[in-house]
Amino acid sequence: MIQRRYHLRGVTRPPDRFDRKRHFWEDRTLAVELVIFDCDGVLVDSERISVRVGTAALRRLGWTIDETEYAERFVGCSNEYWDEQVGQTPPGWYEQISQEYTAAIKAELCAIGGIESALDRLDIPYCVASNGRHAAIRDSLEVTGLAPRFDGRVFSAEDVARGKPAPDLFLHAAATMGAPPQSCVVIEDSPFGVTAAMSAGMRCLAFAGGLTPPSRLTGLGATLFHDPATIPDLIADLV
Numbered sequence: 133m134i135q136r137r138y139h140l141r142g143v144t145r146p147p148d149r150f151d152r153k154r155h156f157w158e159d160r161t162l163a164v165e166l167v168i169f170d171c172d173g174v175l176v177d178s179e180r181i182s183v184r185v186g187t188a189a190l191r192r193l194g195w196t197i198d199e200t201e202y203a204e205r206f207v208g209c210s211n212e213y214w215d216e217q218v219g220q221t222p223p224g225w226y227e228q229i230s231q232e233y234t235a236a237i238k239a240e241l242c243a244i245g246g247i248e249s250a251l252d253r254l255d256i257p258y259c260v261a262s263n264g265r266h267a268a269i270r271d272s273l274e275v276t277g278l279a280p281r282f283d284g285r286v287f288s289a290e291d292v293a294r295g296k297p298a299p300d301l302f303l304h305a306a307a308t309m310g311a312p313p314q315s316c317v318v319i320e321d322s323p324f325g326v327t328a329a330m331s332a333g334m335r336c337l338a339f340a341g342g343l344t345p346p347s348r349l350t351g352l353g354a355t356l357f358h359d360p361a362t363i364p365d366l367i368a369d370l371v
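In the numbering used here, the protein residues as written are 133 to 371.
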């Protein structure tokens, strides 16, 4: 567990690097009180599976699309956005996708490299907030062995009126966890998620080592990183 704290806790004098900014040290709004993780592509390496399954499904509808284009258009999107883009589908089409995805998850899914080390070192509250459905989030966390770490702290776009890129989900998670938005740090990997975090008034770290090209995460207001194991250190540097 990381021993340093990210907010004032029985400390009478701030570290030297804060000496010139003592008013920051006293400002609770800069304290990191909650870390909100996206699930797919941040905690679990599921996006490669969803891209493969989703691309194949759209091709069955007659789309001319490859996995690269699918990733650019749909990774991190809400269910509403997906439905709007796909339009009308034949009976049983969604059920087939769900079955294919679930089977692949159970056979192939693993945690993102370095994420368990990061969770071990975090000594502040954290939760997961995903555009995925509760059932899908639960399955992903259980298959990868991460479920006990997030027991009772799982939030889905099903809980709010609008999923990412709207801020609703992150604001709901923060309110439920009792943390003001400005004290939250969001860990994301998609433009949809980063936009949602910024709109919620939260700080954001964007994982640039996944399927989303770093160029699509640049300029959105997030701090990019490539090694999930460094997340605790990056959070400490935000203060």
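Ideal Cβ positions, reconstructed from N, Cα and C, are used throughout, including at glycine.
> Looking only at DSSP bridge pairs, what is residue 335 linked to?
Replying inline: The beta-bridge partner set that DSSP reports for residue 335 consists of 317.
>> Can you confirm whether residue 247, when its beta carbon is compared against all beta carbons of chain C, has any partner nearer than 8 angstroms?
In response: The structure shown contains no chain C; it holds only a single protein chain.
> Can you list the beta strand (DSSP E) stretches of 3 or more residues lying completely in the segment 210-285, in chain order?
Replying inline: 258-262
> Rounded C-beta distance between residue 173 and residue 339? I'm assuming under 8 angstroms.
Replying inline: 7 angstroms
> Using the rule of at least 16 other Cβ atoms within 10 Å of the residue's Cβ for burial, across every protein chain shown, is residue 350 buried or exposed?
Replying inline: By the Cβ-count criterion, residue 350 is exposed, with fewer than 16 other Cβ atoms from all chains shown falling within 10 Å of its own Cβ.
> Going by the CB atoms, is the gap between residue 171 and residue 260 shorter than 8 angstroms?
Replying inline: yes
> Looking only at DSSP bridge pairs, what is residue 355 linked to?
Replying inline: 337
>> I'd like to know whether the C-beta atoms of residue 185 and residue 229 end up nearer to each other than 8 angstroms.
In response: yes
>> Within 8 angstroms, do at least three Cβ pairs link the segment 293-308 to the segment 258-275?
In response: yes
> If you draw a straight line from the C-alpha of residue 364 to the C-alpha of residue 355, how long is it?
Replying inline: 13 angstroms
> Within this structure, are the beta carbons of residue 203 and residue 343 separated by less than 8 angstroms?
Replying inline: yes
> Are residue 324 and residue 208 touching if we call contact CB-CB under 8 angstroms?
Replying inline: yes
>> Pairs of beta-carbons, one from the segment 287-297 and one from the segment 241-256, closer than 8 angstroms: are there three or more?
In response: no
> With C-beta atoms as the reference, is residue 210 less than 8 angstroms away from residue 295?
Replying inline: Cβ atoms of residue 210 and residue 295: closer than 8 angstroms.
> So residue 319 and residue 167 are in contact, right, with Cβ under 8 angstroms, and what is the actual spacing, rounded?
Replying inline: 7 angstroms
> Roughly how many angstroms separate the alpha carbons of residue 359 and residue 248, rounded to a whole number?
Replying inline: Residue 359 and residue 248 have their C-alpha atoms spaced approximately 12 angstroms apart.
> Which residues in the same chain as residue 313 place their Cβ atom closer than 7 angstroms to its Cβ, once the five residues preceding and following it in sequence are excluded?
Replying inline: 303, 306, 332, 333 and 334
> Apart from the five residues on each side of it in sequence, which residues of its chain come closer than 6 angstroms, Cβ to Cβ, to residue 330?
Replying inline: Around residue 330: 353.
>> Please state the DSSP three-state secondary structure of residue 185.
In response: helix
>> Which residues does DSSP list as the beta-bridge partners of residue 172?
In response: 176.
> Going by other Cβ atoms of all chains shown within 10 Å of its Cβ, with 16 needed for buried, is residue 327 buried or exposed?
Replying inline: buried
> Going by DSSP, which residues form a beta bridge with residue 166?
Replying inline: 316
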